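Chains U and A, in that order, are what the protein sequence lines are. My numbering puts the first residue of the first sequence at 1, with every later residue one more than the last. My numbering puts the first residue of the second sequence at 1, with every later residue one more than the last. Step one of this worksheet: look at the structure below.
2 protein chains.
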Amino acid sequence: MKKITNNCLLDDIKVSTTYCGIKKTSNNEDDLLLIEFENNTAIAGVFTQSLTSSASVNKCKINLSSSKEPIVKAILVNSGNANAFTGKLGEATVQKILNYLSKKLNCNINQIYTASTGVIGEQLDPSQIVNSLKSMIPSNTPDWFQAANAIRTTDTFPKVSKRNCNIDGVNIEIVGIAKGSGMIAPNMSTMLSFIFTNANLTSEILQKLLTSSNDKSFNSITVDSDTSTSDTVLLAATRKANHKPIKKFTDSRLNEFKKSLCELMLDLAKKIVKDGEGASKFITIKVTGAASKKSAKIIAFSIANSPLVKTAIAGEDANWGRIIMAIGKSGQKADRDKIQIYIGDELVTENGMVNTNYSELRATEHLKETNIYLTIDVGVGKSCSTVYTCDLTHRYIEINADYRS
Amino acid sequence: MKKITNNCLLDDIKVSTTYCGIKKTSNNEDDLLLIEFENNTAIAGVFTQSLTSSASVNKCKINLSSSKEPIVKAILVNSGNANAFTGKLGEATVQKILNYLSKKLNCNINQIYTASTGVIGEQLDPSQIVNSLKSMIPSNTPDWFQAANAIRTTDTFPKVSKRNCNIDGVNIEIVGIAKGSGMIAPNMSTMLSFIFTNANLTSEILQKLLTSSNDKSFNSITVDSDTSTSDTVLLAATRKANHKPIKKFTDSRLNEFKKSLCELMLDLAKKIVKDGEGASKFITIKVTGAASKKSAKIIAFSIANSPLVKTAIAGEDANWGRIIMAIGKSGQKADRDKIQIYIGDELVTENGMVNTNYSELRATEHLKETNIYLTIDVGVGKSCSTVYTCDLTHRYIEINADYRS
């Protein structure tokens, strides 16, 4: 394999940020991000499954389905207001912004993708954004940390991830930014991610790449089981890399890119969990021996979303009965007498009861660490799934109940 | 309608309680309850759907299916140990206890119903229970508060409910006891309820009565979305009331009984929510205008189980965007532009956005009360469902994380 160096292969992407007055902060932190692309940039997206999805999400979906080869000219993101559940007025707001920006950038409105994150149910003022757009000047080289910073809400740090790989011997760069602190905290948070590459790939292949990687990354994390109205992940390819065209998702020349994209998305997803509201521990839950991949994931999420499991881990309490409970309530196939639970490397259960050599001391030692590993074999099949979550602490209650948000 | 007086129509039920050493308490509080019935007492039951259900739950199910007309001679309940996930040994424990008690009471072992609540995964010592059974002396008249007290774990008060009604002009009494503080807190809690009546009803009719009332009561509450391994509700009828036999569940002479049973079970269910771990507010969530009853219930539970909705209410914050989010994530049919949300009497949303006359002040005033009413019409059909829950507070984290349980 060739040695890959970082050649700033995405310098033709223009990034600009500003404070336009939507986000209520003490020091006028950036709340508007504009990313501009040269012609011919392909795009793919995955979105929240929520039935009360935001105006921006709905418009992005229309954009993607409006053409067989959708093209992106710009991505515009504001933080501080989600423009969700804002009715026809909210849709008109998006339209006003798109009308202005499409004229300015001399493109079709279907080539502009918007995302909004923040309070649900409050009207977003389009003039604040349009006025700011008039004076925004894109930087010569994209500053991805600055970009990630502008889309933060309750996030405590900007989330950026980079990977380099090659396709057909040609250097490929992938850069992604993300925000999110609860899977949702609808007042001031939601999950957004934007990923960029110079690979020369069609939007059809991009979409397949994004969907398959998404399942193992963003769709494998949970902070509080609450699903946002605004979750958006977009993947844009400038197609500047001069490798030969790739026509099939299954082309083996894509293998390295697939691996890198998946790694990058998982890295961003893990950063969101680490920055989960009130999180003090990062928890990896691997379920093996399940009847199907879907079943393994349902069991893993049943454990990851259980407030009793999450509080036990916050309390560094090896209360493994709560894991048994969460397996049981998942409704998925499991053989009670074959279930094996590991806390770290400590085997807790065997033969339908506690393992005779189980040491609660050793299990508790592991729970004192910051990175917690729970591994559960449910003894009925060969499928597995891994999900990531954080613990449930006083700080979560403080963030979401104690302060008027 | 005749005037109904309480004639202690259940005095032929014998209740005894004792401390047998299973529950770890400072002052040797009762942890064993024995209820004895005269011959011919019919029984029905509903149980946890958990796939890792306890040894007692599994044995109760066998009892009920072992005969077309199952009879109960005794119900034996211990608190402090759930005897769940205790393997073959746990099953042998139940068997040992049943062997002793069936000889003592001169009955078939299939006529004894047991329930255990407390820590999951620890072996229950049958000798502690058998030794106590030897010396337990039933009282002449049943003290239901004493009975409810003996099955408490983290509950802060005993839960008893009584109703009187009539069937065919004959006085009928219904008494129920329950315990539960989280839907589950597997270390020291689970949901149990035992209900008694003198009605002369077959177990087949009892089962139908229990199942239909259960759906509107115990199956309509949630504290923390975690489902117990041990949930058990039993309904026993001494059949001492001398009304004419009732052969059909649809017999109109049962109407008053149905209503009273449902009221009693709902009363017990609400008591569990009021005693929910850390609860500071009792929340009634009514969903109307849904596509089906099932759909209405899924939406109501999606709201009731959302940690963000629960923390918002704990913080007396009229953050209705979180309710929109919870409707959206339920995956159920809802017409965004017809959704109406009421906080108390305050109409929050209309036409897919905030109601123009909405007063956050009035909504917040309502949230300062102890009993919170959320009413949501999703605008697609005529079905409705009501569920009950409590808020999510610091105290919940304290109970489940701060102390080694």
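Note that CB positions come from ideal geometry on N, CA and C, so glycine has one too. Model, not experiment: these values are computed from the prediction.
Problem - Closer than 9 Å at the beta carbon, the chain A residues around A401/U - result: K310, T311, A312, I313, A314, G315, E316, D317, D391, L392, T393 and H394
Handout entry: For D267/U, the three-state DSSP class (helix, strand or coil)
Key = helix
Practice task
Can you tell me which of I376/U, C384/U, T389/U and E316/U puts its alpha carbon nearest to the alpha carbon of E360/U?
Solution key: E316/U
Handout entry: Neighbour flag for A42/A against chain U, beta carbons, 8 Å
Key = no
Exercise for the section: Please state whether DSSP places I376/U in a helix, a strand or coil. Expected result: strand
Practice task
Answer yes or no: does any C-beta atom of chain A fall closer than 8 Å to that of L9/U?
Solution key: no
Exercise for the section: Can you pull the chain U residues whose beta carbon is under 9 Å from the beta carbon of V88/A, in chain order? Expected result: Note that residue 88/A is Lys in the sequence shown, not Val. Going along chain U in sequence order, the residues near K88/A (Cβ under 9 Å) are D337, N351, G352 and M353.
Handout entry: Chain-order list of residues whose beta-carbon lies under 6 Å from that of E346/A (same chain, five-residue window excluded)
Key = R362 and A363
Handout entry: Cβ-Cβ separation, A300/U to I324/U (assumed contact under 8 Å), whole Å
Key = At roughly 14 Å, the Cβ-Cβ gap does not stay under 8 Å, so I324/U and A300/U are not in contact.
Handout entry: With 16 other Cβ atoms within 10 Å as the buried cut-off, status of C8/A
Key = exposed
Handout entry: Beta-carbon separation (whole angstroms), L105/U vs L76/U, contact threshold 8 Å
Key = Not quite, the Cβ-Cβ distance comes to about 10 Å (not below 8 Å), so this is no contact.
Problem - Identity of the residue in S50/U, L89/U and G45/U nearest I112/U by Cα - result: G45/U
Practice task
Could you round the C-beta distance between D215/U and S181/U to whole angstroms and report it? I think they count as a contact, below 8 Å.
Solution key: Not a contact, Cβ separation roughly 22 Å.
Problem - Residues of the region 364-387 of chain A with Cβ closer than 8 Å to any Cβ of chain U, in chain order - result: none
Exercise for the section: Mind listing, in chain order, the continuous alpha helix (DSSP H) runs of no fewer than 4 residues lying wholly within the region 83-144 of chain U? Expected result: 87-105 and 126-135
Exercise for the section: Could you tell me the boundaries of the beta strand (DSSP E) in which V175/U lies? Expected result: V170 to K179
Exercise for the section: Using a Cβ cut-off of 8 Å (strictly closer), state whether G321/A contacts chain U. Expected result: yes
Problem - Proximal residues of chain A, C-beta to C-beta of I246/U below 8 Å - result: Here the premise fails: no neighbours, minimum Cβ distance about 35 Å.
Practice task
Note down, in chain order, every chain A residue with its Cβ under 7 Å from the Cβ of K408/U.
Solution key: The displayed coordinates of chain U run from 1 to 405. Any statement about residue 408/U would go beyond what the structure contains.
Problem - Range covered by the beta strand (DSSP E) that runs through R253/A - result: Premise fails: R253/A is in no beta strand (DSSP E) and is neither H nor E.
Exercise for the section: Buried or exposed for F85/U, please, with buried defined as at least 16 other CB atoms from any protein chain shown within 10 angstroms of its CB. Expected result: buried
Handout entry: First and last residue of the uninterrupted beta strand (DSSP E) at R163/A
Key = K159 to I167
Exercise for the section: Specify, as a first and last residue, the run of the alpha helix (DSSP H) that C60/A falls within. Expected result: A55 to S65
Practice task
Specify whether the region 384-394 of chain A and the region 277-291 of chain A touch according to this definition: at least 3 beta carbon pairs, one from each stretch, less than 8 Å apart.
Solution key: yes
Problem - Check whether L206/U and A178/U have beta carbons under 8 Å apart - result: no
Practice task
Could you tell me whether the Cβ atoms of A82/A and I35/A are closer together than 8 Å?
Solution key: no
Problem - For S116/A and S50/A, believed in contact at Cβ under 8 Å, the rounded distance - result: Not quite, the Cβ-Cβ distance comes to about 14 Å (not below 8 Å), so this is no contact.
Practice task
Can you say whether G90/U is buried or exposed, counting buried as having 16 or more other CB atoms within 10 angstroms of its CB?
Solution key: buried
Problem - Neighbourhood of D31/U by C-beta distance below 7 Å, restricted to the same chain and skipping five residues each side - result: Y19, C20, I22, K23, N78, S79, G80 and A150
Handout entry: DSSP-derived helix/strand/coil call for T389/U
Key = strand
Problem - C-beta neighbour in chain A for P186/U, strict 8 Å - result: Interpretation of P186/U is limited by its pLDDT of 31, a score under 50 that renders its predicted location unreliable; the figure taken from the coordinates is listed afterwards. Output row for P186/U: interface = yes.
Exercise for the section: Measure from the C-beta of L124/A to each C-beta in chain U and report whether the shortest distance is under 8 Å. Expected result: no
Problem - Segment limits, beta strand (DSSP E) that includes V287/A - result: F282 to A290
Practice task
Determine whether the Cβ of I120/U lies closer than 8 Å to any Cβ atom of chain A.
Solution key: yes
Handout entry: Backbone secondary structure at F218/A - three-state DSSP
Key = helix
Problem - Residue environment, D377/A, which counts as buried when at least 16 other CB atoms sit within 10 Å - result: buried
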